[in-house]
Amino acid sequence: MNFVLIKWLNRKRRIALIAAFVGSVAFLLLGIPLPLLLGPMAGCLIAALCRKPMEDMGVFSVFMRTFLGVAIGSSITPELLHEFPRYLKSIFFIPIFVLITGLVGYPLFRRVFNYDKATAYYASMPGGLSDMLIFGQEAGGNTRALSLIHATRVMGIIWVAPTLMSMVWQIDLHKPPGVPIYSVTGLELLLMPICGLLGWKIAERFRLFGASILGPMILTAIVSLSGLIHNRPPAEILWCAQFFIGLSVGVHYTGITLAEVRRDIFAGVVYSLILATISGCFIIMIIKLGITSELNALLAFLAGGQAEMMMIAVITGADLTYVLTHHLTRLILVVLGAPIVHRFLP
């Protein structure tokens, strides 16, 4: 058993854990919002710039993501389902949002930064980091460039969101994301990881998009609606989930060189600013139309990673169903449409 653990926790993973831990502690001491999410990213970025090899925690990282699905599913109640038709008014804007980001992003990467066709296209799509890397690689794109650009996009946006929330709405992002573990019944503590693991594997079996989040969410929602679960996962578990989600994003900077920093990360920063501007226009539009609150609109239309944005939504007490449906709609549109549209690009 010890040998298996030592073999699994190889040198790259140990370095990633140490970097993420140091980053988390530094952010906690500095009082920066979301220290257990943003700290690991910053720590891994610094380690990458120091030429340290890193690797995420593999299946364990994915398993920790399932608790985010459990957190969302446990928040789905009959009252929330009753409100769902209201969301259709703003979901209508998601395809338009994806189209505009593609029309702006592709020429930017293709003509301004001179990336090849596949890299430019998949860099411009506001999809999930993993999905865009896989599609881009299969299309012959530059995987390293794609990982840096998308990791920069995700990291940049989820740095902007907490800052806005703290400054504009005075939301306390240091508060626990859930109740203490001793406040949750033993049955619920048993059901939560079971729902997470079973939901993930069942969704994976049926090849559902976002299986590690969507599967646990659906299964936990069923259990929640049956009255067996009344709480979200305890704060201690969600803090761990934040840590490993942040680490997973941060290790994508592994092997970075100064030349790549100058080109790929700069391109990612420029695109993130443009994407944030486009998102801002849609957020303002949704707020002006009175469809939802400012916080919900911000979290639904900022094109960060689904897992990262949902974690922020959990902490801030936003409408989880509203935020999730918008991110899933965007990601499904991108994943289904990307391979088709790519064939017809110049």
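Following the working numbering, the numbering of the sequence shown begins with 22 at its first residue and continues without gaps. Virtual Cβ for every residue (Gly too), placed ideally from N, Cα, C.
Under the criterion of beta carbons closer than 8 angstroms, residue 355 and residue 125 do not qualify as touching, at roughly 15 angstroms.
Take the alpha-carbon of residue 164 and the one of residue 232: they are about 23 angstroms apart.
Scanning its chain for C-beta atoms nearer than 8 angstroms, with the 5 sequence neighbours on each side dropped, one finds around residue 347 the residues 108, 111, 112, 115, 321 and 322, in chain order.
Nearest neighbour of residue 78 by Cα position, chosen from 271, 208 and 177, turns out to be 271. In this chain, the alpha helix (DSSP H) harbouring residue 117 covers 114-128. In this structure residue 324 is buried. Its beta-carbon is surrounded by 16 or more other beta-carbon atoms within 10 angstroms.
If you draw a straight line from the Cα of residue 334 to the Cα of residue 28, it comes to about 36 angstroms.
In the three-state reduction of the DSSP assignment, residue 74 falls in the coil class. For residue 147, no alpha helix (DSSP H) encloses it, and the DSSP letter there is neither H nor E. In this structure, the CA atom of residue 364 is about 10 angstroms from the CA atom of residue 160.
Note on geometry: alpha-carbon atoms of residue 168 and residue 143 lie some 10 angstroms from one another. Contact check between the region 263-283 and the region 41-51: three or more CB pairs, one atom from each, fall below 8 angstroms, which counts as touching.
Annotation: the continuous alpha helix (DSSP H) that includes residue 265 extends over 256-271. With fewer than 16 neighbouring CB atoms inside 10 Å of its own CB, residue 361 falls in the exposed class. In this chain, residue 251 is not harboured by any alpha helix (DSSP H), its DSSP state being neither H nor E.
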